[in-house]
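Step one of this worksheet: look at the structure below.
4 protein chains.
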Amino acid sequence: MPKISDEKRAARRAQILEAAWTCFQKDGLHATTMDHIIRASGLSAGAVYSYYPSKDDLILAAVATSLSGLSAIVAPLLHAEPPMSPSQLVGEITEAIDRFASRDGFDLKRIALLGWSEAQRNEQLRATMKSFYIDFRCDLAGALKRWRDDRTGVEYDVEADMAAALLSLVLGYVVQSAVIGDVSPQGMVDGLAQLERAAVE
Amino acid sequence: MPKISDEKRAARRAQILEAAWTCFQKDGLHATTMDHIIRASGLSAGAVYSYYPSKDDLILAAVATSLSGLSAIVAPLLHAEPPMSPSQLVGEITEAIDRFASRDGFDLKRIALLGWSEAQRNEQLRATMKSFYIDFRCDLAGALKRWRDDRTGVEYDVEADMAAALLSLVLGYVVQSAVIGDVSPQGMVDGLAQLERAAVE
Amino acid sequence: MPKISDEKRAARRAQILEAAWTCFQKDGLHATTMDHIIRASGLSAGAVYSYYPSKDDLILAAVATSLSGLSAIVAPLLHAEPPMSPSQLVGEITEAIDRFASRDGFDLKRIALLGWSEAQRNEQLRATMKSFYIDFRCDLAGALKRWRDDRTGVEYDVEADMAAALLSLVLGYVVQSAVIGDVSPQGMVDGLAQLERAAVE
Amino acid sequence: MPKISDEKRAARRAQILEAAWTCFQKDGLHATTMDHIIRASGLSAGAVYSYYPSKDDLILAAVATSLSGLSAIVAPLLHAEPPMSPSQLVGEITEAIDRFASRDGFDLKRIALLGWSEAQRNEQLRATMKSFYIDFRCDLAGALKRWRDDRTGVEYDVEADMAAALLSLVLGYVVQSAVIGDVSPQGMVDGLAQLERAAVE
DNA sequence: GATGAATGAGTCTTCATTCAT
DNA sequence: AATGAATGAAGACTCATTCAT
Numbered sequence: 001m002p003k004i005s006d007e008k009r010a011a012r013r014a015q016i017l018e019a020a021w022t023c024f025q026k027d028g029l030h031a032t033t034m035d036h037i038i039r040a041s042g043l044s045a046g047a048v049y050s051y052y053p054s055k056d057d058l059i060l061a062a063v064a065t066s067l068s069g070l071s072a073i074v075a076p077l078l079h080a081e082p083p084m085s086p087s088q089l090v091g092e093i094t095e096a097i098d099r100f101a102s103r104d105g106f107d108l109k110r111i112a113l114l115g116w117s118e119a120q121r122n123e124q125l126r127a128t129m130k131s132f133y134i135d136f137r138c139d140l141a142g143a144l145k146r147w148r149d150d151r152t153g154v155e156y157d158v159e160a161d162m163a164a165a166l167l168s169l170v171l172g173y174v175v176q177s178a179v180i181g182d183v184s185p186q187g188m189v190d191g192l193a194q195l196e197r198a199a200v201e
Numbered sequence: 001m002p003k004i005s006d007e008k009r010a011a012r013r014a015q016i017l018e019a020a021w022t023c024f025q026k027d028g029l030h031a032t033t034m035d036h037i038i039r040a041s042g043l044s045a046g047a048v049y050s051y052y053p054s055k056d057d058l059i060l061a062a063v064a065t066s067l068s069g070l071s072a073i074v075a076p077l078l079h080a081e082p083p084m085s086p087s088q089l090v091g092e093i094t095e096a097i098d099r100f101a102s103r104d105g106f107d108l109k110r111i112a113l114l115g116w117s118e119a120q121r122n123e124q125l126r127a128t129m130k131s132f133y134i135d136f137r138c139d140l141a142g143a144l145k146r147w148r149d150d151r152t153g154v155e156y157d158v159e160a161d162m163a164a165a166l167l168s169l170v171l172g173y174v175v176q177s178a179v180i181g182d183v184s185p186q187g188m189v190d191g192l193a194q195l196e197r198a199a200v201e
Numbered sequence: 001m002p003k004i005s006d007e008k009r010a011a012r013r014a015q016i017l018e019a020a021w022t023c024f025q026k027d028g029l030h031a032t033t034m035d036h037i038i039r040a041s042g043l044s045a046g047a048v049y050s051y052y053p054s055k056d057d058l059i060l061a062a063v064a065t066s067l068s069g070l071s072a073i074v075a076p077l078l079h080a081e082p083p084m085s086p087s088q089l090v091g092e093i094t095e096a097i098d099r100f101a102s103r104d105g106f107d108l109k110r111i112a113l114l115g116w117s118e119a120q121r122n123e124q125l126r127a128t129m130k131s132f133y134i135d136f137r138c139d140l141a142g143a144l145k146r147w148r149d150d151r152t153g154v155e156y157d158v159e160a161d162m163a164a165a166l167l168s169l170v171l172g173y174v175v176q177s178a179v180i181g182d183v184s185p186q187g188m189v190d191g192l193a194q195l196e197r198a199a200v201e
Numbered sequence: 001m002p003k004i005s006d007e008k009r010a011a012r013r014a015q016i017l018e019a020a021w022t023c024f025q026k027d028g029l030h031a032t033t034m035d036h037i038i039r040a041s042g043l044s045a046g047a048v049y050s051y052y053p054s055k056d057d058l059i060l061a062a063v064a065t066s067l068s069g070l071s072a073i074v075a076p077l078l079h080a081e082p083p084m085s086p087s088q089l090v091g092e093i094t095e096a097i098d099r100f101a102s103r104d105g106f107d108l109k110r111i112a113l114l115g116w117s118e119a120q121r122n123e124q125l126r127a128t129m130k131s132f133y134i135d136f137r138c139d140l141a142g143a144l145k146r147w148r149d150d151r152t153g154v155e156y157d158v159e160a161d162m163a164a165a166l167l168s169l170v171l172g173y174v175v176q177s178a179v180i181g182d183v184s185p186q187g188m189v190d191g192l193a194q195l196e197r198a199a200v201e
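Protein chains in written order, with the working numbering: chain W, 1 to 201; chain E, 1 to 201; chain Z, 1 to 201; chain Y, 1 to 201.
Here is the structure:
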């Protein structure tokens, strides 16, 4: 049989990945069987396996896709001009996550929790997530630096800790949102603002 | 064998739970098989099942135990006199978590991630975690209120958002610690302090 | 400890057997666990096993008890004076079975089916049932002989086949009653009468 | 492996069912494990389960197959022209059952008892059997009607009771045959004949 | 004698993966 | 290349029976 073109291959991969994504986020990583994914993809078992050689690969790909989707959405916020303040960042990012999450009934937050959990057992997945979050934090640090430089005219050096704190706020928002369910971006912004204000009272 | 004493029963339950805890945190919730737990507990399958009627019960018990252990460690911090400042709280709590986590080779943070993930599919577990975190946030709000009242002599009303933000910092610390691994309590404290300072510059 | 008196032993055996009987007829032979019986009997596992060394023994005893209960109820009919006609016998016996069956919510017919089924696998049970039914058929033959001798003044010898046919009618009644559920003793009597009448038309 | 043809599928189903049939009638319904059936079928566990999704389905299918096999054998007798007399019917049907039973070492009577027993606990099975026996009785009634109409030139209406009695004779024959083992079709015929004769003496 | 906690082989079923066609 | 039937090694859980106390 003739070789399949590269675009076809890419399209197939995307088709499978989308099916996996949907299944994973609906049923969780372990309750999703390959059969679910195979059916959802509309392909045959053999076909799916020829594109992704194992379920773990599919999990990795699905999580990586989520991360890069998130990345795409968050990037403009991190590089916005003029740069945002910390609480603006927290507000805009959490809001963006909510927006992304609710697109097409997908829930990014659920995938995030599933991914963190799975990362404990899957070396490669952990590496992927680790480097993603490190990049995220770097960009966050960059954004904070630009904001402070703009405001003060002074060049600060290390916003690493600030970035970590800010990332914590975002991640903690995701957890609370998924587990408790009663948080809002505005609440986070207000909470941080109060924290800042209280410090100087 | 005649009727076993209540303490013996409790001891057996603890023995099984400890085995489960260890397995869960080493291999994750799903990769841990009942057989692993049974072997680790040193009992027979029937004995284990007579104390915990299903794997889900064991998961629930393991997570609940983690939560209440954490609760016991954090409570004194939340009710300390004089009340702590927000950044002190973040520092002390994250440090307590680290300390608790490293006791006996257990890693509370990993169990936390596993629990959040599992809570997506296990109604009862989600309920348990939800009420735990709501309580946590309440106590956090109480601690913040006492701190502000002490400092300002004024009675503030709503620290709900502040508490949510603070809880986010703690949860986000847990995530970063488990997934990235390069955060420290001191870093969080410094990060928050910088956030506060930056706001007024 | 002092030896238990023989009456006590007998009472205990009866108590256990009754519990087993009830469980068996409610849930079937295989779905009934020893634990069910143990709980229903109000004794301990060890106690039950000291009276009946295995579940199979209990099954055997329960079926044997049913059979002898049935026997006690049917005997007077078979030895009634004056002797009954075949259709009277069918009517009275099936009616007696119905009556016996509905006592205390027990259903003799269900136990009968369960016993027949189990007899396929349990040598001893089959032997017990076999000898019971052979006796039953003998008594039936005796009753028929007395009836014919009375009527005709002649001594017939072999009513074995008649007895087998009559027993079939009774057993078939039990099956239809348990599986279909729309038969009545009167219907059987009428059916047999019609069969007889049709033969001479 | 590409898509399998419908005949192949049917052949596989038959292959599995035959294995199940053999196991069931040798060991009984509950003592037969899926593993027995799987080994007997020569397939793998997964393959068997892909054709019959549970043991209960297999039981149902085995019993249903027995019933329809029986049906096929008995039907010609019930619609024979000229119609048979009651005792002829009893004789021919029981003989047909014996013949069917001994084919290939299968024993239809044993399966019948097993099925009746199982029907007490399996709703679907009971429904299947019930409708089978009702149909059987209807056909029996039809056969009896045709016989009487032929003989008397009169149209009788209700042979329902006669049919029930005749069915009892057949079912009772099965029970006695399986449990006692010393009955023969000829004995049943003779027994019924004697019953008829005795009635008019 | 009595107790009931403990045993552990055995049950049904699932599902990631392969490979003959 | 693609198919999807087949594989078979686990998996969670049960339950008749035993025996230390």
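Where a beta carbon is used, it is the ideal one built from N, C-alpha and C, also for glycine. These figures come from a predicted structure and were not determined experimentally.
Specify, as a first and last residue, the run of the alpha helix (DSSP H) that T65(Y) falls within.
For T65(Y), the enclosing alpha helix (DSSP H) has its first and last residue at 55-78.
Residues of its chain near A160(Y), where Cβ-Cβ distance is below 7 Å and the 5 sequence neighbours each way are ignored
Here the set comprises A141.
How many whole angstroms separate the CB atoms of M162(Z) and Q194(Y), which I take to be in contact at a CB cut-off of 8 Å?
The Cβ separation is near 5 Å, so the contact holds.
Measuring CB to CB, does V170(W) end up less than 7 Å from K109(W)?
Contact: no.
Which residues in the same chain have their Cβ closer than 6 Å to the Cβ of C23(E), if we skip the five residues on either side of it in sequence?
So the list reads T32, H36, I37, A40, once near-sequence residues are dropped.
Return the chain-ordered list of same chain residues with a C-beta closer than 7 Å to the C-beta of P82(E), the five sequence neighbours on each side being excluded.
Around P82(E): D150.
Who are the Cβ neighbours of N122(Y) in its own chain at under 8 Å, not counting the five residues just before and after it?
Cβ within range, chain order: D56, I59, L60.
Within 10 angstroms of its Cβ, does H79(Y) collect 16 or more other Cβ (buried), or is it exposed?
Using a 10 angstroms sphere on the CB of H79(Y), the tally of other CB atoms stays under 16, which defines it as exposed.
Could you give the distance in angstroms between the alpha-carbon of L125(Y) and the alpha-carbon of G42(Z)?
Just so you know, the alpha carbons of L125(Y) and G42(Z) end up roughly 34 Å apart.
How is F136(W) classed by DSSP in three states: helix, strand or coil?
Here F136(W) sits in helix by DSSP.
Name the two residues that bound the continuous alpha helix (DSSP H) containing F24(Y).
First-last of the alpha helix (DSSP H) with F24(Y): 6-27.
Going along chain Y in order, which residues have a C-beta closer than 8 Å to the C-beta of R126(Z)?
Residues of chain Y passing the Cβ test: V179.
Residues of its chain near E92(W), where Cβ-Cβ distance is below 7 Å and the 5 sequence neighbours each way are ignored
Here the set comprises L77, M84.
Does K55(W) come within less than 7 Å of chain E when only Cβ atoms are used?
Interface annotation, K55(W): not in contact with chain E, CB-CB separation never under 7 Å.
Since A164(Y) and G191(Z) should fall inside the 8 Å C-beta cutoff, what is the C-beta to C-beta distance between them, to a whole number of angstroms?
With a Cβ gap of about 5 Å, A164(Y) and G191(Z) count as contacting.
Quick one: what does DSSP say L32(W) is sitting in, helix, strand or coil?
Correcting the residue identity first, residue 32(W) is Thr in this sequence and not Leu. Coil, per DSSP.
From the beta carbon of A184(Z), is the nearest beta carbon of chain Y less than 7 Å away?
In the sequence on display, residue 184(Z) carries Ser and not Ala. Closer than 7 Å: no.
Can you pull out the residues from the stretch 34-62 of chain W whose beta carbon lies closer than 9 Å to at least one beta carbon of chain E?
Result list empty, no residue passes.
So with CB distances below 7 Å, who are the chain Y contacts of I134(Z)?
Chain-ordered, the chain Y residues with CB closer than 7 Å to the CB of I134(Z) read I180.
From S54(Z) to I97(Z), what does the alpha carbon distance come to, in whole angstroms?
Straight-line spacing of the CA atoms in S54(Z) and I97(Z) works out to 29 Å.
Just the Cα atoms here: how many angstroms apart are A72(E) and F100(E)?
Each residue's Cα considered, the two are about 10 Å apart.
Would you call T94(Y) buried or exposed, if buried means 16 or more other Cβ atoms sit within 10 Å of its Cβ?
By the 10 Å Cβ count, T94(Y) comes out buried.
Along chain E, which residues have their Cβ under 9 Å away from the Cβ of P82(W)?
Correct list: empty, because the minimum Cβ distance to chain E is about 15 Å.
Through-space distance from W21(W) to R13(W), alpha-carbon basis:
Here the C-alpha atom of R13(W) lies approximately 12 Å from the C-alpha atom of W21(W).
I'd like to know whether the C-beta of G153(Y) is nearer than 7 Å to at least one C-beta of chain Z.
For G153(Y), the answer is no, since every Cβ of chain Z falls outside 7 Å of its Cβ.
In chain E, which residues lie with their C-beta within 7 Å of the C-beta of R13(W)?
Against R13(W), chain E offers no close residue; the least beta-carbon distance is about 26 Å (beta-carbon pairs closer than 7 Å).
Secondary structure at D182(E), three-state DSSP: helix, strand or coil?
Here D182(E) sits in coil by DSSP.
C-beta neighbour in chain E for A149(W), strict 7 Å:
Note that residue 149(W) is Asp in the sequence shown here, rather than Ala. D149(W) does not count as touching chain E.
Tell me, please, whether the CB atom of K8(E) is closer than 7 Å to any CB atom in chain W?
Under the Cβ distance rule, K8(E) does not count among the residues neighbouring chain W, no pair being separated by less than 7 Å.
Buried or exposed for Q25(Y), going by 16 or more other Cβ atoms inside 10 Å?
Note on Q25(Y): 16 or more other CB atoms within 10 angstroms of its CB, so buried under the neighbour-count rule.
Closer than 7 Å, CB to CB, is G69(Z) near chain Y or not?
Closer than 7 Å: no.
Closer than 7 Å, CB to CB, is E92(Y) near chain Z or not?
False, the Cβ-Cβ gap to chain Z never drops below 7 Å.
Does DSSP put Q120(Z) in a helix, a strand or coil?
Per DSSP, reduced to three states, the secondary structure at Q120(Z) is coil, with no helix or strand assignment.
Residue span of the alpha helix (DSSP H) that contains V48(E), given as start and end:
Judged by DSSP secondary structure, V48(E) falls within the alpha helix (DSSP H) whose first and last residues are 45-51.
Classify P83(W) as helix, strand or coil using the three-state DSSP reduction.
Coil.
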